[in-house]
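S.K.:
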Amino acid sequence: MKLLDGKAVAERINEETRRKVEELKGRGIIPGLAVVLVGDDPASAAYVRNKDKISRELGFYSQKIELDVATTQQELLATVIRLNANPAVHGILLQSPQPPQIKEEEVVRGINPEKDVDGFHPINVGKLVIGDPTALVPCTPLGCQRLIAESGIETSGAHVVIVGRSMLVGKPLALLLMRKGKGGDATVTVAHSRSRNLQDITRRADILVAAIGKAGFIRSEFVGEGAVVIDVGINRVVDPAKPRGYRLTGDVAFDEVAPKTTAITPVPGGVGPMTVAMLMANTVAACQYQTGSFVGRDHRS
Ligand code: NAP
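Following this note's numbering, the numbering of the sequence shown begins with 1 at its first residue and continues without gaps.
1) Could you pull out every unbroken beta strand (DSSP E) segment of at least 3 residues lying fully inside the region 84 to 126, listed in chain order?
2) Determine the extent of the alpha helix (DSSP H) in which N50 is found, giving its start and end residues.
3) In whole angstroms, what separates the C-alpha of L142 from that of K20?
4) Inspect the CB distances between the region 265 to 282 and the region 223 to 232 and report whether three or more fall short of 8 Å.
5) Output the residue ranges of the beta strand (DSSP E) runs that lie fully inside the region 195 to 263 and measure 3 residues or longer, sorted by chain position.
6) What residues in its chain sit with their C-beta under 8 Å from that of A158, if we drop five residues either side in the sequence?
7) Which residues bound the beta strand (DSSP E) around K64?
8) What is the residue span of the alpha helix (DSSP H) that I13 lies within?
9) With DSSP run on the structure shown, which of helix, strand or coil describes K171?
10) In three-state terms, what does DSSP make of A34?
11) Alpha carbon to alpha carbon, how far is T189 from V160?
12) So, helix, strand or coil for V276, using DSSP?
13) When you compare each of H90, T155 and G59 to I111 by their alpha carbons, which one comes out closest?
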């Protein structure tokens with residue numbers, strides 16, 4: 001069994017990003033990322049701090065905007081409009097989840113699609129569906145695909161089963177893996193909470209992706225011998241032995257599943273770091289497109 005080290009692959013991708021940032025700086029351009037956080041959810045605040053830290057380390061101009069939990073829809077939209085108009089900002093990320101008064105979809109639609117480094121704007125979703133190489137694609141599925149490819153795992157002709165059909169992970173990942181060409185050409189099955197005989201479906205996977213949000217849901221009986229398992233889940237499980245009182249765990253029961261696999265991602269240290277690396281890569285690509293500095297056909301290859 002091979003452990004798929006997302007941290008190491010993410011570091012390599014960050015190196016590539018750093019080189020691109022240097023190239024841009026040589027032309028007087030500094031890629032800029034703005035991360036907007038509404039409220040004080042501790043997990044969201046930690047994610048934002050991490051994104052801010054890594055973007056600074058890579059040489060970006062980083063703007064962290066922290067808004068009060070009572071921020072109105074109009075105030076948040078006004079922030080987005082200001083960032084759309086700011087030429088120093090090439091990427092805008094709205095940290096989820098939003099407080100209940102915020103209609104997130106409407107705010108996402110307010111982001112200039114060229115600055116939508118999360119890839120959630122309908123224009124980018126549409127571009128992904130039609131296979132337009134300029135699509136900005138959601139970072140987590142992009143990170144899963146890249147981790148699979150960088151680990152030398154062949155997707156062409158493979159049966160990939162994705163459990164989870166969210167717009168954040170499952171659906172865009174299915175589109176990425178079924179597209180023609182490198183890192184794609186898979187036969188993709190997407191399962192969800194209404195799927196019948198789930199174990200029969202998942203056991204037939206060459207590559208099984210769990211994006212469910214339930215700690216340890218994928219047990220040994222869900223996995224066929226020799227499968228590759230990608231665990232997207234990040235769940236907090238109460239653990240009094242830990243200083244914070246909880247530990248992070250995936251959607252896969254790692255200890256019992258790992259021995260059946262040929263390769264598996266750990267949690268933490270698998271898909272998580274890849275997500276952040278792809279956010280940085282998307283921001284550089286967005287900057288290259290906006291400043292006319294992009295050379296090539298597809299920023300993802
Ligand atoms: P989500 O929007 O809640 O979607 C969960 C999906 O799992 C849904 O499609 C749901 O089916 C399906 N599901 C739930 N219970 C199921 C069951 N018993 N059997 C089969 N399918 C079931 O979650 P998400 O945003 O995609 O996130 C999924 C997980 O990934 C979470 O743990 C999240 O924290 C993690 N995540 C990690 C990263 C990262 O960087 N590593 C990034 C994003 C998310 P229905 O559609 O039928 O409800």
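Where a beta carbon is used, it is the ideal one built from N, C-alpha and C, also for glycine.
Bear in mind that the values here come from a model prediction, so they are computed numbers and not experimental data.
M.R.: Judging by the given coordinates:
1) For the region 84 to 126, whole beta strand (DSSP E) runs of length 3 or above, ordered along the chain, are 91 to 94.
2) Walking along the sequence shown from the start, residue 50 turns up at place 50. Annotation for N50: the continuous alpha helix (DSSP H) segment containing it runs P42 to E57.
3) For the purposes of this step, residue 142 is taken as the residue at position 142 of the sequence shown. For the purposes of this step, residue 20 is taken as the residue at position 20 of the sequence shown. Cα-Cα distance, rounded: 19 Å.
4) With a cut-off of 8 Å, the region 223 to 232 and the region 265 to 282 count as touching, because enough Cβ pairs lie within range.
5) Under the rule that a run must span 3 or more residues, the beta strand (DSSP E) segments found entirely inside the region 195 to 263 read 207 to 210, 228 to 231, 235 to 238 and 246 to 249.
6) Counted from its first residue, the sequence shown places residue 158 at position 158. Closer than 8 Å at the Cβ level, and outside the excluded window around A158, lie A186, T187, D206 and I207.
7) Position 64 of the sequence shown holds residue 64. Per DSSP, K64 belongs to the beta strand (DSSP E) from Y61 to L67.
8) Within the sequence shown, numbered from 1, the residue matching residue 13 stands at position 13. From DSSP, the alpha helix (DSSP H) with I13 extends over G6 to G26.
9) Here the question's residue 171 lines up with position 171 in the sequence shown. K171: helix per DSSP, three-state reduction.
10) For the purposes of this step, residue 34 is identified with residue 34 of the sequence shown, where counting begins at 1. In the three-state DSSP reduction, A34 falls in the strand class (E or B).
11) In the sequence shown, counting from the first residue as 1, residue 189 sits at position 189. In the sequence shown, counting from the first residue as 1, residue 160 sits at position 160. If I take the Cα positions, the gap works out to 6 Å.
12) Reading the sequence shown from its first residue, position 276 is the one you call residue 276. Here V276 sits in helix by DSSP.
13) The residue given as residue 111 occupies position 111 in the sequence shown. Selected option, being the one with the closest Cα: H90.
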